[in-house]
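Here is the structure we will look at.
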Amino acid sequence: MRKALIKTKLVESWENCSWNRSGRTDKGVSAFKQVASLIVRSNGPEGEDVFWPNVAHASSETAVKGELQYVKMLNSTLPTNIRVLAWAPVPRNFSARYNCTQRTYTYAFPRNNFNIEAMRQACRLLVGEHDFRNFCRIDMNKKRVEMNYIRTITYADISFISNNSMSSSKLSNEATRYEFLQLTIKGKGFLWHQIRCIMALLCEIGLGNEKPNIITELLDIKLIPSKPIYGLAPAFPLCLFDCSYEGTELPWRWDTNSLKSIRKLILKTWAHYQSVSATLQIMAESIGLLAPVLQNDYSGVNDYLRPNGTSTKTYVPIKKRPTCDALELKQEKIRTKMLKIIADGCSNSDVML
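Everything in the sequence shown is counted per the working numbering, starting at 124 for the first residue and increasing by one.
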């Protein structure tokens with residue numbers, strides 16, 4: 124996006140365009156309705172929310188017919204996996220990040236043999252204002268260690284999104300394993316890796332390795348003050364699906380032709396992956412027919428959703444695992460390190476003098 128904005132000369136410089144975005148996703152995570160705010164060039168000298176820089180010459184303040192076609196300009200330059208849907212004029216003090224009142228994330232996954240009701244019960248326990256320090260990654264970064272880990276989840280649930288079964292009548296008993304589900308979580312803001320941590324725990328609950336109340340126990344900082352060591356669910360199925368701005372009017376300007384082109388691209392990509400999916404499903408079921416003992420073996424699906432390096436032979440309950448340092452201990456270590464740096468700096472100054 125940065126290269127596209129500079130190439131199309133929509134911004135004078137990256138440093139002065141006030142770039143801001145609503146969500147900062149992990150590597151491998153997708154975003155559907157990501158929102159960014161920035162200052163760009165305009166054709167309208169007196170248009171809505173248009174302003175002139177102090178250095179602008181008065182002779183340049185003349186009307187030009189029609190606003191710049193921002194969507195077409197950017198999409199013609201961006202790679203095909205990044206598309207602009209629309210644009211909207213906003214006040215100069217608008218921030219795509221700080222004015223966002225709700226972010227919606229989705230996580231798609233195959234049903235397989237998960238206990239969906241247990242997973243949904245666990246989702247309900249996530250709703251509300253809680254300290255989520257046991258549901259995220261906290262590295263030894265001063266800013267991250269000293270931040271607040273209380274967040275509010277307003278909605279969390281699992282629903283069916285499609286039935287991708289290609290099974291014949293002979294395989295119909297296992298057809299539901301190929302159905303897809305979607306975890307939907309809503310809240311104003313989330314912590315680093317929070318949703319991938321939540322999904323990893325939900326998978327273990329769905330497999331019967333943990334009870335839904337493990338969520339309540341991990342939210343109880345007095346009961347479990349240090350995060351047990353567990354991995355992350357894969358990044359690829361996670362998507363920042365929507366961003367809401369309650370109380371802020373965003374007059375989106377849509378270009379029908381651009382939307383048609385984007386929809387066509389998405390459907391083409393969908394058809395490609397569905398074709399691959401159907402072929403792989405037929406292959407897996409055909410191998411199952413060769414050896415009856417394999418017909419009910421769908422462990423590969425579970426392995427995909429589990430973190431890399433997780434052993435499927437012996438499961439260690441979350442509460443019995445080693446733990447990370449408590450947040451308070453990490454804070455103390457950071458303070459000690461900073462004091463040492465300051466002390467070393469003073470000593471070096473004394474030597475220089």
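Quick reminder that beta carbons are idealized off the backbone N, C-alpha and C, glycines included. Quick caveat, the model's predicted, so the values are computed rather than measured.
Tell me whether residue i sits in a helix, a strand or coil according to DSSP, three-state version.
| i | result |
| --- | --- |
| residue 313 | coil |
| residue 449 | coil |
| residue 135 | coil |
| residue 362 | strand |
| residue 217 | coil |
| residue 368 | coil |
| residue 328 | helix |
| residue 458 | helix |
| residue 271 | coil |
| residue 252 | strand |
| residue 129 | helix |
| residue 276 | strand |
| residue 340 | helix |
| residue 463 | helix |
| residue 257 | helix |
| residue 356 | coil |
| residue 205 | coil |
| residue 319 | helix |
| residue 437 | coil |
Starting from residue i, trace the alpha helix (DSSP H) in both directions and tell me its first and last residue.
| i | result |
| --- | --- |
| residue 409 | 379-413 |
| residue 423 | 422-428 |
| residue 243 | 239-249 |
| residue 345 | From DSSP, residue 345 is part of no alpha helix (DSSP H); its letter is neither H nor E. |
| residue 264 | From DSSP, residue 264 is part of no alpha helix (DSSP H); its letter is neither H nor E. |
| residue 198 | 193-198 |
Closer than 8 Å by C-beta to residue i: which residues in its own chain qualify, once you throw out the five before and the five after it? Chain order, please.
| i | result |
| --- | --- |
| residue 238 | 328, 329, 330 and 331 |
| residue 282 | 304, 305 and 307 |
| residue 235 | 300, 421, 424 and 425 |
| residue 366 | 145, 146, 156, 157, 158, 219, 223, 225, 226 and 227 |
Only counting the same chain, and skipping five residues up and downstream in sequence, which positions put a Cβ closer than 6 Å to that of residue i?
| i | result |
| --- | --- |
| residue 517 | No statement about residue 517 is possible, as the shown extent of the chain runs from 124 to 476 and does not include it. |
| residue 293 | Here residue 293 scores only 37 on pLDDT, less than 50, and its place in the model is too uncertain to base an answer on. |
| residue 153 | 362 |
| residue 457 | 265 and 268 |
| residue 277 | 309 and 310 |
Taking its Cβ as the centre, do 16 or more other Cβ atoms sit within 10 Å of residue i, making it buried, or is it exposed?
| i | result |
| --- | --- |
| residue 227 | buried |
| residue 157 | buried |
| residue 318 | buried |
| residue 270 | exposed |
| residue 146 | buried |
| residue 310 | buried |
| residue 261 | buried |
| residue 345 | exposed |
| residue 386 | exposed |
| residue 66 | Look at the range of the chain in this structure, 124 to 476, and you will see that residue 66 is not part of it. |
| residue 445 | exposed |
| residue 105 | Outside the displayed range of the chain (124 to 476) lies residue 105, so it cannot be described from this structure. |
| residue 455 | exposed |
Bridge partners for residue i per DSSP, in chain order?
| i | result |
| --- | --- |
| residue 281 | 306 |
| residue 210 | 376 |
| residue 232 | 304 |
| residue 225 | 367 |
| residue 333 | According to DSSP, which records beta bridges pairwise, residue 333 is partnered with nothing at all. |
| residue 144 | 159 |
| residue 351 | 446 |
| residue 153 | 362 |
Might you give, ordered along the chain, the residues of its own chain that have their beta carbon closer than 7 Å to the beta carbon of residue i, omitting 5 neighbours on each side?
| i | result |
| --- | --- |
| residue 375 | 209 and 211 |
| residue 322 | 230, 306 and 356 |
| residue 219 | 143, 144, 145, 158, 159 and 160 |
| residue 280 | 243, 246 and 307 |
Residue i: beta carbon under 7 Å from a heavy atom of the ligand ATP?
| i | result |
| --- | --- |
| residue 207 | This structure lacks the ligand ATP; in fact it carries no ligand of any kind. |
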